[in-house]
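Following full-length UniProt numbering, the numbering of the sequence shown begins with 1 at its first residue and continues without gaps.
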Amino acid sequence: MGIKPVIARRGVPHGSGLGIHRWVVERTIAWLHGFRRLRIRWERRDDIHEAFLSLATCLITHRHVQRLC
């Protein structure tokens, strides 16, 4: 199809401008998967799942701020 994957090694610029914040996003998703209720979605209702996602985000932020202080 004419698409060539260009993935740079960590810390090496690749020039395309894509993937600048890739490691931050991957780390955050890994933190979210640390919460059991978010790893496998047991909730049928979207609002309950979104509430657990918000709670996990608050806990991750709180832990990160506590570590910085």
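Beta carbons: idealized from backbone N, C-alpha and C, even for Gly.
Predicted, not measured: the structure shown is a model, and the values here were computed from it.
Find out if the Cβ-Cβ distance for the pair A51, F35 is shorter than 8 Å. As a working note, residue 51 is residue 51 in the sequence shown. As a working note, residue 35 is residue 35 in the sequence shown. The answer is no: Cβ separation not under 8 Å.
Query raised in the report: Exposed or buried, which one is L38 when buried takes at least 16 other CB atoms within 10 Å?
Result: As a first step, residue 38 must be located in the sequence shown, where it is residue number 38. By the 10 Å Cβ count, L38 comes out buried.
Are the Cβ atoms of I60 and W31 separated by less than 8 Å? The residue you call residue 60 lines up with position 60 of the sequence shown. The residue you call residue 31 lines up with position 31 of the sequence shown. Yes.
**Asked** Is R44 helix, strand or coil when you go by DSSP?
**Response** The count along the sequence shown starts at 1 and reaches residue 44 at position 44. In the structure shown, R44 sits in coil (DSSP, three-state: anything other than H, G, I, E or B).
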